[in-house]
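In what follows, a structure is listed as structure tokens, so that the remarks can point back to it.
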Amino acid sequence: MDTSVPSPFVNGETLKMFVGRRVRTVVQVQRNESGVLVVQSTDGHQLTIRGAPGAPEAPHYIEVMGIPDSDQSIRAESWTDFGENFDPVPFNGLCKLASDKYKYLFL
Amino acid sequence: MPSQRPGPAAAAAHDYAAATPSPSKPRGNPRYSGCVPATVRHIARSLAAADAGGDPAFSIDGVKTSNVRVLGKVEAVVSAETDVSFTLDDGTGKIPLVRWAGVYVRVHVDITGFQTNQQGFARSIRPITNFNEVVLHFIECIHVHIENTRPKMQETFPPAVQTNAYTQVPYTGGVTEHQVHFAPQVNQGQLLPAARTNASTYAPFTGGVREHQVHFAPQVNQGQFHPTVQTNRSTYGPFSGGSSAYSGTGGQQHDLQSKVLKVLQAPDIMTVINLLADSGFVCWTIDDFHVKCAVFSKEFLSALSNNCVG
Numbered sequence: 001m002d003t004s005v006p007s008p009f010v011n012g013e014t015l016k017m018f019v020g021r022r023v024r025t026v027v028q029v030q031r032n033e034s035g036v037l038v039v040q041s042t043d044g045h046q047l048t049i050r051g052a053p054g055a056p057e058a059p060h061y062i063e064v065m066g067i068p069d070s071d072q073s074i075r076a077e078s079w080t081d082f083g084e085n086f087d088p089v090p091f092n093g094l095c096k097l098a099s100d101k102y103k104y105l106f107l
Numbered sequence: 108m109p110s111q112r113p114g115p116a117a118a119a120a121h122d123y124a125a126a127t128p129s130p131s132k133p134r135g136n137p138r139y140s141g142c143v144p145a146t147v148r149h150i151a152r153s154l155a156a157a158d159a160g161g162d163p164a165f166s167i168d169g170v171k172t173s174n175v176r177v178l179g180k181v182e183a184v185v186s187a188e189t190d191v192s193f194t195l196d197d198g199t200g201k202i203p204l205v206r207w208a209g210v211y212v213r214v215h216v217d218i219t220g221f222q223t224n225q226q227g228f229a230r231s232i233r234p235i236t237n238f239n240e241v242v243l244h245f246i247e248c249i250h251v252h253i254e255n256t257r258p259k260m261q262e263t264f265p266p267a268v269q270t271n272a273y274t275q276v277p278y279t280g281g282v283t284e285h286q287v288h289f290a291p292q293v294n295q296g297q298l299l300p301a302a303r304t305n306a307s308t309y310a311p312f313t314g315g316v317r318e319h320q321v322h323f324a325p326q327v328n329q330g331q332f333h334p335t336v337q338t339n340r341s342t343y344g345p346f347s348g349g350s351s352a353y354s355g356t357g358g359q360q361h362d363l364q365s366k367v368l369k370v371l372q373a374p375d376i377m378t379v380i381n382l383l384a385d386s387g388f389v390c391w392t393i394d395d396f397h398v399k400c401a402v403f404s405k406e407f408l409s410a411l412s413n414n415c416v417g
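Protein chains in written order, with the working numbering: chain Y, 1 to 107; chain C, 108 to 417.
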């Protein structure tokens with residue numbers, strides 16, 4: 001079993017803690033500006049996602065796995081359509097738990 | 108010009124098509140509508156017959172279907188970057204299959220092996236269709252970890268929810284019933300009902316409506332203690348009332364008093380129950396000591412997530 005390269009759950013707030021490291025997050029697509037997705041994180045931060053061709057349109061949620069190149073943008077390596085009925089509130093709670101109190105279960 | 112006879116494959120396909128004439132309208136077999144069990148040989152011949160007849164739609168025995176069920180042994184698994192492909196041999200033929208191309212799946216795994224030879228045996232593999240289940244899974248990981256690592260009774264007297272995590276049965280949808288028992292406490296003082304979940308029926312939820320039976324029994328006590336939730340640990344020993352409980356601790360009255368103080372600082376379980384009832388997450392049933400929980404997935408997820416926080 002290889003646990004050397006985990007992908008932590010992040011939201012808009014915790015994204016800045018992992019700049020340069022692979023992360024995973026779920027965001028809601030707001031619009032597509034010439035291939036750059038403008039999205040909203042589960043805690044209300046506006047982010048940009050590059051390198052996610054074919055991503056669905058608003059108001060779909062997508063899970064993005066990639067490397068943040070700043071505290072507000074992610075260079076996507078892959079994405080998964082989580083649909084329109086995804087509940088962002090539990091995911092936001094999970095991000096907090098997984099990055100703080102129960103970090104040792106995830107990283 | 109000599110007549111051109113069809114090759115063996117085409118002839119076989121033609122014969123097979125003749126044996127299974129295409130109806131003027133598609134016939135449906137309600138028993139197997141949607142997913143037809145078939146052998147690999149039968150599928151291969153049906154495909155050949157469809158090609159020979161120029162029929163773009165796949166049908167078996169005249170039944171138009173795109174879903175078949177095969178059963179056989181997995182061979183030659185090839186894992187690529189975007190999918191996993193393998194060959195299934197059912198004894199009548201081998202069919203190449205592709206699966207799990209970037210798909211989230213839920214897998215029940217039996218962990219085997221030792222040291223360098225650790226591996227998992229996948230007992231059940233199911234694709235995820237409701238992605239709230241992804242979040243639920245990780246929250247459940249935290250929740251079960253919390254329950255399994257609660258301090259033992261001798262060390263502290265925490266308000267904990269008893270869960271038998273070893274018998275958790277993951278659930279995949281529909282209605283699930285949970286038994287939640289509030290175990291009686293016979294103590295000095297008035298302990299409010301204790302809450303204990305009979306987690307032998309605990310079933311993580313992934314969709315639909317879940318029903319919980321919550322039963323709690325009155326406390327026969329002297330004094331005023333906040334409600335406690337019984338921890339399901341083999342070493343747990345509830346108070347048994349009077350000085351006998353204290354004598355049973357071997358004279359460790361100071362430790363017991365500190366435990367009691369912690370209990371007094373514990374959240375009022377009845378307050379929580381009433382809050383849940385007012386919010387519509389639970390409803391009273393046969394008497395004041397039985398409640399039933401009926402929540403939808405989003406509410407349950409939020410409640411569970413909030414329960415893990417702090």
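Note that CB positions come from ideal geometry on N, CA and C, so glycine has one too.
For the segment 1-22 of chain Y, the set of positions with a beta-carbon nearer than 9 Å to some beta-carbon of chain C reads M1 and F9 in chain order. With respect to chain Y, the C-beta atom of F245 (chain C) has a partner C-beta closer than 7 Å. Inter-segment contact for the segment 19-39 of chain Y and the segment 55-67 of chain Y is present: three or more beta-carbon pairs are separated by less than 8 Å.
Per DSSP, the unbroken beta strand (DSSP E) holding F193 (chain C) starts and ends at V191 to D196. Rounded to the nearest angstrom, the Cβ distance from L47 (chain Y) to S73 (chain Y) is 6 Å, consistent with a contact under 8 Å. By the 16-neighbour rule on beta-carbons within 10 angstroms, N381 (chain C) is exposed. When C-beta distances to chain C are compared with 9 Å, the residues of the segment 73-86 of chain Y below that value are S78, T80, D81, F82, G83, N85 and F86, in chain order. Of the other Cβ atoms in all chains shown, fewer than 16 fall within 10 Å of the Cβ of E182 (chain C); this residue is therefore exposed.
Residues of chain C with a Cβ closer than 9 Å to the Cβ of A52 (chain Y) do not exist; the shortest Cβ-Cβ separation is about 13 Å.
Take the alpha-carbon of I62 (chain Y) and the one of A55 (chain Y): they are about 8 Å apart. Scanning the segment 142-191 of chain C for uninterrupted alpha helix (DSSP H) segments of 4 residues or longer gives 147-159, listed from N- to C-terminal end. Within the model, the alpha-carbon separation for N11 (chain Y) versus K101 (chain Y) is close to 15 Å. Annotation for S7 (chain Y): R22, V23, R24 and M65 place their beta carbon closer than 7 Å to its own, counting only its chain and skipping 5 residues before and after. In chain order, Y102 and L105 make up the part of chain Y whose C-beta sits under 9 Å from the C-beta of H252 (chain C). An exposed status is given to H215 (chain C), since fewer than 16 other beta-carbon atoms sit within 10 Å of its beta-carbon. For F245 (chain C), the secondary structure class from DSSP, reduced to helix, strand or coil, is helix. By the C-beta criterion, the segment 247-254 of chain C is judged not to be in contact with the segment 83-93 of chain Y, since fewer than 3 inter-stretch pairs fall below 8 Å. For D43 (chain Y), same chain residues with a beta-carbon under 8 Å away, outside a window of 5 residues either side, are N11, G12, E13, N92 and C95 in chain order. In the three-state scheme derived from DSSP, where H, G and I count as helix and E and B as strand, E13 (chain Y) is classed as coil. Only those residues of the segment 85-99 of chain Y whose C-beta falls short of 8 Å from the nearest C-beta of chain C are listed: N85, F86, D87, V89, P90, F91, G93, L94, K96, L97 and A98.
Think of a sphere of 7 Å around the beta carbon of V242 (chain C): the chain Y residues whose beta carbon falls inside it are P90, F91 and L94, in chain order. Assigned with DSSP and collapsed to three states, F91 (chain Y) falls in helix. At a cut-off of 7 Å between C-beta atoms, N174 (chain C) does not count as an interface residue with respect to chain Y. The CB of C248 (chain C) comes closer than 8 Å to the CB of L105 in chain Y, given here in chain order.
Within the same chain, L37, A76 and W79 come within 6 Å of A52 (chain Y) by CB-CB distance, once the 5 residues on both sides are set aside. Put simply, the CB of N239 (chain C) is near chain Y, with a gap under 7 Å to one of its CB atoms.
The Cβ atoms of A155 (chain C) and G200 (chain C) do not sit closer than 7 Å to each other. A Cβ-Cβ distance of about 22 Å is found for the pair Q30 (chain Y) and V19 (chain Y), leaving them out of contact under the 8 Å criterion.
By the criterion of a C-beta distance shorter than 6 Å, T194 (chain C) is surrounded in its chain by E182, A183, K201 and P203, once the five residues flanking it on both sides are discounted.
If you draw a 10 Å sphere on the C-beta of P88 (chain Y), you find 16 or more other C-beta atoms in it, and that means buried.
Take the alpha-carbon of R50 (chain Y) and the one of S34 (chain Y): they are about 10 Å apart.
Only exposed fits A187 (chain C), as fewer than 16 other CB atoms lie within 10 angstroms of its CB. When secondary structure is reduced to three states using DSSP, E240 (chain C) falls in the helix class. DSSP places D43 (chain Y) in the coil class of the three-state scheme, outside both helix and strand.
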